[in-house]
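Residue numbers (the numbering used here): 34 to 658. Note that the Cβ used here is the ideal one computed from N, Cα and C, for glycine as well. The structure appears below as structure tokens.
Below you can see the structure in the form of structure tokens.
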């Protein structure tokens, strides 16, 4: 397969721009790479500990998806992409990536398409050696030209979020028939996350896209190289994948014991309640329960009591962060006053909302890095103070002197002391209640908030909060527009109060810059939608990305966490205690006692005919059929 002239010229131009910035490196390849912690698995490892290498192949997995789909082009913002053809992770069933994450480690990746990976000490260069014997489903070899084509295309034509993730990437150079060297731009800051981003993206076939327009949506099943291919689909309703029996990578250590189903079918739903009934009616095998009420009340039926239908709360090791917290648009003048933001936070009663609306399921998440070692606790340590001291006077004094406890209550009746303190803060900021309306003391302007919520469920979650605001004379309105309209409003600042989950990974650098960094606040592709512009926040993110030891890294995340919390940019609330998994008991599971970063039912379980027959026999007995 020969690279196109455009690909060659574009690659040469980017390389020439960066030759002087990065001299030719002395490359020594390894079987994997990790951030801060050493690799768990040795070069000769045979399979991940959480995968069963003897798992049988066969059977069907039926899983649900919310919404619809109208495209198989996973690199674009346009259209709604089908699960299985997305650009990374388990959503990319038909593709392969250069690296595979080890979900039983903090931040380690091992070779998949690449049999060797090298990273410079300063993270400004990294290289991959492409494994021999990798093939596309049409029999054409997958090689270094495909890797170069993929990242030139992603940098130039992909969705805004992808281009933002790769914006610090400079040259992409094919240095031999099976080696590709990546270098950052000369002025790029150190970014340990970049190699993991690059290693996780699906690699695309250059020869397939040579006579197709990759900038347009398509419903033509695309060519892949991965463990599955599209078998059938009913556009917008369902899609079925079939396992590629001669998949080139099935015996790689990172794949052995995985991708065991012969077929995977995704059915699309537009309503959670309909999805629930379809699951109880055995139209679906496995799903995540996203509604607390359902988790507590909907799973008391004969199949559950007989043990044929399972309900498990899975303890995951990943950072949960903050789940749909309220946040403020800081370009709106009244939210620029920290006293106003703190007063608003005091008016939200998490314990009440959790008890009344969430059936007591959630924990109170008091950190942007909830459920990880990255979250702060107690008072700042000596290492944290070293990072924070240069910003004394520019960040809240309480960062240094108080433990952030959030807005605690017993969940029964609004605490009078919280109400009194909130009104004092409003008064200090120039707002007071007149004729039952919160008004600006100088102008008489009423204090109003227009909330734009991501879903009707998220809107319902904030009804008690809005009622509390109404109680002190703040008029609130709330809408949950169609998703594209919600995205437009959030990206373009056409909102006042909103919600956006904050879910950092274990290598959160790019995500932090994109969500919290000053540069991202005014960037079209950025996700700093609430417009945080704080040099202390920028500095802590830089410290996180410059860290080379676990101690320095965690000190920097703790310091950032404290600055964010005490500035009240977000109102922390819901924190998941685990992953709510519900399924019909017809599957085998690997035997392990590891805490993993994600559930493994999609890629490491297998269809068990004996269990399936037991379920069928049991249900026949229960129903009399």
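Per DSSP, what are the beta-bridge partners of residue i in this structure?
i, result
"residue 465", "472"
"residue 263", "274"
"residue 360", "531, 603"
"residue 508", "481"
"residue 321", "614"
"residue 296", "93, 275"
"residue 490", "Bridge partners of residue 490: none, in fact."
"residue 383", "Answer is none; residue 383 lacks a bridge partner."
"residue 598", "In the DSSP output, where bridge partners are listed per residue, residue 598 has none listed."
"residue 355", "535"
"residue 234", "121"
"residue 620", "640"
"residue 608", "396"
At what residues does the beta strand (DSSP E) containing residue i begin and finish?
i, result
"residue 345", "342-347"
"residue 616", "612-617"
Please state whether DSSP places residue i in a helix, a strand or coil.
i, result
"residue 572", "helix"
"residue 302", "strand"
"residue 415", "helix"
"residue 54", "Caution is warranted here: a pLDDT of 47 is assigned to residue 54, below 50, making its placement in the model unreliable, and the coordinate value is therefore given only provisionally. Residue 54 falls in the coil class under three-state DSSP."
"residue 280", "coil"
"residue 162", "strand"
"residue 519", "helix"
"residue 371", "helix"
"residue 338", "helix"
"residue 331", "coil"
"residue 307", "helix"
"residue 151", "strand"
"residue 456", "helix"
"residue 629", "coil"
"residue 286", "coil"
"residue 249", "coil"
"residue 585", "helix"
"residue 580", "coil"
"residue 653", "helix"
"residue 647", "helix"
"residue 47", "A caution first: residue 47 carries a pLDDT of 45, below 50, which makes its placement in the model unreliable, though a value can still be read off. Helix, per DSSP."
"residue 496", "helix"
"residue 561", "coil"
"residue 525", "coil"
"residue 313", "helix"
"residue 553", "helix"
"residue 567", "coil"
"residue 388", "helix"
Please report the Cβ distance between residue i and residue j, rounded to the nearest whole angstrom; I am assuming they are in contact, meaning their Cβ atoms lie under 8 Å.
i, j, result
"residue 132", "residue 233", "7 Å"
"residue 309", "residue 611", "Not really, about 19 Å apart at Cβ, beyond 8 Å."
"residue 392", "residue 326", "6 Å"
"residue 300", "residue 316", "7 Å"
"residue 668", "residue 534", "The chain is shown from 34 up to 658; residue 668 falls before or after that span and cannot be answered."
"residue 97", "residue 302", "6 Å"
"residue 362", "residue 563", "6 Å"
"residue 480", "residue 376", "No, residue 480 and residue 376 are not in contact; Cβ-Cβ is about 10 Å, not under 8 Å."
Given 6 Å as the limit, tell me if residue i has its C-beta closer than that to any heavy atom belonging to the ligand ADP.
i, result
"residue 125", "With respect to the ligand ADP, the structure shown offers nothing to examine, as it has no ligands at all."
Would you mind reading off the limits of the alpha helix (DSSP H) that contains residue i?
i, result
"residue 641", "From DSSP, residue 641 is part of no alpha helix (DSSP H); its letter is neither H nor E."
"residue 168", "Counting along the chain, residue 168 falls outside any alpha helix (DSSP H), and DSSP gives it neither H nor E."
"residue 256", "Element bounds for residue 256: n/a, residue is neither H nor E."
"residue 542", "542-549"
"residue 239", "239-242"
What residue ranges within the region 170-230 form continuous beta strand (DSSP E) runs of no fewer than 3 residues, ordered along the chain? Runs of the beta strand (DSSP E) inside the region 170-230: 202-209, 212-217.
Unbroken alpha helix (DSSP H) runs of length 4 or more, entirely within the region 390-450: which are they? Given a length threshold of 4 residues, each whole run of the alpha helix (DSSP H) inside the region 390-450 is given here in chain order: 415-421, 431-434.
Pick out the complete beta strand (DSSP E) segments inside the region 64-147, 3 residues or longer, and give them in chain order. Scanning the region 64-147 from its first residue to its last, the whole beta strand (DSSP E) runs of 3-plus residues come out as 65-67, 93-99, 132-134, 141-144.
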